[in-house]
Amino acid sequence: MTKENVQGAGEDEQQAQSKKALKKQQKEAEKAAKKAEKQAKLAAEQQEADEDDFAKDRYGISPMVQSQQKLDRALVRVQDLTPEKAEQQIWVRARIHTSRAKGKQCFLVLRHQQFTVQALLAVGDRASKQMVKFAANLTKESIIDVEAVVKKVEQKIESCSQQDVELHVERIFVISQSEARLPLQLEDAVRPEGEGDEEGRATVNQDTRLDNRVIDLRTTTSQAIFRLQSGVCQLFRDTLINKGFVEIQTPKIISAASEGGANVFTVSYFKTSAYLAQSPQLYKQMCICADFDKVFCVGPVFRAEDSNTHRHLTEFVGLDIEMAFNYHYHEVIDSITDTMVQIFKGLRDRFQTEIQTVNKQYPSEPFKFLEPTLRLEYKEAVAMLKAAGVEMGDEEDLSTPNEKLLGRLVKEKYDTDFYVLDKYPLAVRPFYTMPDPNNTKYSNSYDMFMRGEEILSGAQRVHDAQLLTERAMHHGIDLEKIKAYIDSFRYGAPPHAGGGIGLERVTMLYLGLHNVRQTSMFPRDPKRLTP
Amino acid sequence: MPMYKNGEVDPALKALEERQDEVLRRLYELKATVDGLAKTVTTPDADLDASTLSRGPAEAVFRGTADLDSLLGKDLGALRDIVINANPGHPPLSLLVLHALLCQRYQVLSSVHVHSSVSVVPPPLLSCLGPRHIDSYVRQRFQLGFTLIWKDVSELQMKFNTQSMCPIEGEANVARFLFRLLSAEPQDPVTVTQMDSWIDTAVFQLAEGGSKEQAVTLRSLNSALGRSPWLLGQEFSLADIVCACCVLRAGLNTSAAANVQRWLESCQNLGHFDCVYPLLQ
């Protein structure tokens with residue numbers, strides 16, 4: 017090859033290259049032109065949009081409320097939106113329950129606790145297209161402030177709690193935005209189980225609920241359950257205060273296990289260890305020996321029981337009663353059952369809305385009871401069970417299935433969900449239970465049942481130090497560990513009896529629910545420590 | 007004035023007053039005795055203890071409390087509790103009378119409860135079974151339980167042994183059941199039929215009937231009671247209890263004919279109807 021050829025080839029190449037380069041340049045130029053065009057178009061649109069958005073000041077995301085100013089503005093609650101407020105222009109703060117755009121309109125459902133109301137935003141002289149689009153794109157659960165006119169509706173809005181009115185939105189601002197992806201949908205969380213399966217729609221399982229408790233607690237059902245539970249606590253306190261009881265607080269860090277060594281949590285206590293109280297038993301009794309006569313306490317109870325059942329928690333709220341009596345422990349049973357009846361009556365008369373709300377998702381029979389409370393004896397219960405075909409010994413404890421069967425038999429005959437079983441066999445009760453004076457095989461102890469499940473275990477306590485020591489030795493208990501307890505009865509102790517109930521279990525059984533975790537806000541069990 | 011000397015009452019006047027008081031007191035006592043005798047004389051024999059019944063073709067023998075086992079089934083250690091659910095708007099008067107009779111024969115543990123389906127019950131209905139027995143806290147000491155529950159039911163209902171018995175409905179039917187526990191049922195089938203007939207008449211004509219039916223029934227009662235002291239003849243029976251209660255509840259006692267009035271008074275004198283009168287408003 018001659019130099020000239022190479023040169024020629026090089027020139028060819030260069031020519032080819034420059035052609036390619038040209039083409040490339042051309043393409044890039046086209047691309048750039050298109051991009052510039054697009055940008056110009058967008059800018060033009062934006063300008064157009066900005067120009068047309070006459071409602072710019074009436075919507076948007078508010079700056080985070082850092083207490084910048086004190087606005088003299090009254091916020092109306094959703095539950096107060098009734099026809100009486102028709103034509104009034106008011107401000108409402110609520111969550112976005114749902115939002116749906118339909119052409120030039122946007123339908124929102126706003127929610128506050130158990131109450132929902134429909135809100136409407138339509139393109140018109142008050143709202144621009146951009147404003148409606150903004151509203152339709154708001155994420156669920158965001159908290160918003162809305163200024164609106166309350167309007168009466170001719171046809172009832174069945175799907176909301178406020179059925180006779182709707183809001184016509186004038187201004188809408190976001191106070192706290194929610195992330196777009198929610199770990200669970202609230203509609204799914206209130207859907208009844210059966211309905212979910214039938215229509216192929218989702219329901220939320222318990223673990224997901226408990227993992228995202230903050231959102232699960234927002235549902236109407238949860239709000240109703242915990243308001244009712246608050247009612248139980250309040251009725252318990254009010255009834256007992258009216259009966260002359262004194263509320264006491266007992267220590268939860270204690271030196272010795274009260275009910276028995278097995279199911280107790282140990283904590284490190286400086287250089288030694290201590291235990292978390294399994295019940296306020298010992299301290300309630302000491303208060304009686306200290307002449308307080310009638311006491312009650314509300315506080316946490318810790319049971320390290322590795323039971324993964326529908327009705328056991330490792331930590332729950334105990335409502336405990338202890339009372340000195342004159343001559344017979346039935347005086348105490350009467351007092352306790354009367355307190356329970358007052359609680360049931362209070363719930364029946366003042367919490368019907370909450371009961372109905374829970375029943376929508378979890379249908380159940382209303383809770384029935386007798387006044388005065390039905391009291392059966394253990395021997396009768398055994399006879400009833402035997403008549404129903406159950407084989408059991410006279411002094412045997414009742415197993416859980418037998419308790420449930422007994423509950424059904426009592427319900428069939430007396431139509432009551434609440435009753436007392438008196439005179440349990442001595443052998444199955446704790447060492448501090450007073451034996452029956454007429455029959456050493458039985459004791460002055462009792463259990464109370466709701467819907468066939470035990471809610472209270474109580475008894476007349478041994479208030480004599482000598483007898484108490486004998487009973488403890490009989491049960492093989494180390495006297496050194498309970499020395500302080502026995503000592504409290506050495507300086508004059510009145511005859512007394514009492515019992516305790518679990519707040520979560522009572523709420524669960526009253527409402528006819530099936531898992532105690534539904535009635536415990538942040539439940540604790542062997543497998544769950546958070547939230 | 008001769009009666010008052012020195013501001014003091016003349017002792018002679020005092021003595022006179024005392025004699026007057028004494029005479030009046032003795033007069034009252036005499037009147038009470040005569041009244042009592044009158045009641046005993048005018049009230050026909052009404053002892054339900056079968057041992058004093060006139061000897062008829064079928065002789066009933068007083069069998070005592072062991073018959074509870076044969077009537078109600080073997081005692082398994084549970085209190086034999088009869089549960090009656092009644093509407094407080096229609097108190098079952100005849101059952102209250104039967105309760106009083108049962109208490110005379112057996113050791114009965116009576117209790118009254120209000121069911122949660124009812125919010126308020128007037129106080130007389132809460133104490134209609136009488137005062138609580140002193141030993142009522144020891145259920146085992148009783149042979150029979152009588153548990154009355156005021157409940158929102160449309161028809162009176164009795165439950166006893168839910169495993170082997172269906173509930174019994176209607177005041178008349180429960181009354182028949184309870185009467186059998188008194189072991190005082192007439193043995194002769196004709197008399198039993200007559201008793202049933204009177205009971206049905208009372209329930210369907212007197213209690214549920216219009217004024218025409220009530221008038222007809224009252225006339226039959228009057229003529230039957232003209233022939234004998236009690237509806238079935240010489241013996242007081244369930245027919246008398248149910249009919250009397252229906253008459254009283256319908257408020258027809260004041261306007262009834264002579265024989266019916268006399269018969270109602272006799273019923274009252276027996277003492278078993280004491281629980282009923284406070285409930286008639």
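Same order as they appear, the protein sequences are chains Y and E. Residues in the first sequence are numbered from 17 upward in steps of one, following this note's numbering. Residues in the second sequence are numbered from 7 upward in steps of one, following this note's numbering. For each residue, glycine too, the CB sits at the ideal point set by N, CA and C.
N-terminal and C-terminal residue of the beta strand (DSSP E) that residue i is part of
i	result
Y:Cys-122	121-128
Y:Glu-186	181-192
Y:Phe-252	Careful: Y:Phe-252 lies outside any beta strand (DSSP E), inside the alpha helix (DSSP H) at 236-258.
Spatial distance of residue i from residue j (CA atoms)
i	j	result
E:Ser-116	Y:Lys-420	27 Å
E:Gly-176	E:Leu-187	18 Å
Y:Phe-360	E:Val-40	56 Å
E:Ser-100	Y:Gly-210	49 Å
E:Leu-59	E:Pro-128	The pLDDT assigned to E:Leu-59 is 36, lower than 50, so where the model puts this residue is not dependable; a value taken from the coordinates is nonetheless given after this. Roughly 40 Å separates the two Cα atoms.
Y:Phe-123	Y:Arg-187	14 Å
Y:Thr-325	E:Gly-95	45 Å
Y:Val-125	Y:Lys-118	14 Å
Y:Pro-12	Y:Glu-428	Residue 12 of chain Y lies beyond the stretch modelled for chain Y, which goes from 17 to 547, so this question has no answer here.
Y:Arg-521	Y:Glu-163	43 Å
Y:Asp-541	Y:Gly-528	21 Å
Y:Gly-260	Y:Leu-97	42 Å
Y:Phe-242	E:Arg-255	49 Å
E:Val-180	E:Ile-174	6 Å
Heavy atom of the ligand GDP within 7 Å of residue i beta-carbon
i	result
E:Gly-79	Questions concerning the ligand GDP fall outside what the structure shown contains, since it holds no ligand whatsoever.
Contact with chain Y by residue i, beta-carbon distance below 8 Å
i	result
E:Leu-85	yes
E:Ser-133	no
E:Tyr-112	no
E:Ser-76	no
E:Val-180	no
E:Leu-30	no
E:Asp-280	no
E:Ala-56	A caution first: E:Ala-56 carries a pLDDT of 42, below 50, which makes its placement in the model unreliable, though a value can still be read off. No, because no Cβ of chain Y sits closer than 8 Å to the Cβ of E:Ala-56.
E:Gly-62	Since pLDDT at E:Gly-62 reaches only 33, below the 50 mark, its modelled position is unreliable, and the value read off the structure follows with that caveat. Output row for E:Gly-62: interface = no.
is_contact[residue i, chain E] using C-beta, thresh 8 Å
i	result
Y:Lys-402	yes
Y:Pro-388	yes
Y:Leu-425	yes
Y:Arg-364	yes
Y:Ala-399	yes
Y:Lys-172	no
Y:Phe-261	no
Y:Phe-360	yes
Y:Asp-309	no
Y:Lys-420	no
Y:Glu-428	yes
Y:Asp-431	yes
Under the three-state DSSP convention, the category residue i falls into
i	result
E:Leu-238	coil
Y:Val-94	helix
E:Thr-58	Model confidence at E:Thr-58 stands at a pLDDT of 37, short of 50, so the residue's coordinates are unreliable and nothing is read from them.
E:Gln-26	helix
Y:Leu-548	The question about residue 548 of chain Y has no answer here: the residues shown for chain Y are numbered 17 through 547.
Y:Arg-544	strand
Y:Val-532	helix
Y:Lys-287	coil
Y:Glu-331	strand
Y:Pro-613	This structure cannot speak to residue 613 of chain Y, because chain Y is shown only from 17 to 547.
Y:Phe-465	strand
E:Phe-152	strand
Y:Thr-266	coil
Y:Glu-548	Outside the shown range of chain Y (17 to 547) lies residue 548 of chain Y, about which nothing can therefore be said.
Residue span of the alpha helix (DSSP H) that contains residue i, given as start and end
i	result
Y:Gly-423	416-430
E:Gly-79	E:Gly-79 -> no alpha helix (DSSP H), and no H or E assigned at all.
E:Ala-264	264-276
Y:His-490	481-490
Three CB pairs or more closer than 8 Å across the segment 138-148 of chain Y and the segment 166-178 of chain Y: no
Contact between the segment 147-159 of chain Y and the segment 97-115 of chain Y (3+ Cβ pairs under 8 Å): yes
At least 3 beta-carbon pairs within less than 8 Å: the segment 392-403 of chain Y vs the segment 445-454 of chain Y: no
Stretch-stretch touch, CB-based, cutoff 8 Å, three pairs: the segment 493-504 of chain Y with the segment 459-475 of chain Y: no
Cβ pair count under 8 Å reaching 3, the segment 189-207 of chain E against the segment 151-171 of chain E: no
At least 3 beta-carbon pairs within less than 8 Å: the segment 347-359 of chain Y vs the segment 219-227 of chain Y: no
The segment 466-478 of chain Y / the segment 512-520 of chain Y touching (three or more Cβ pairs under 8 Å): yes
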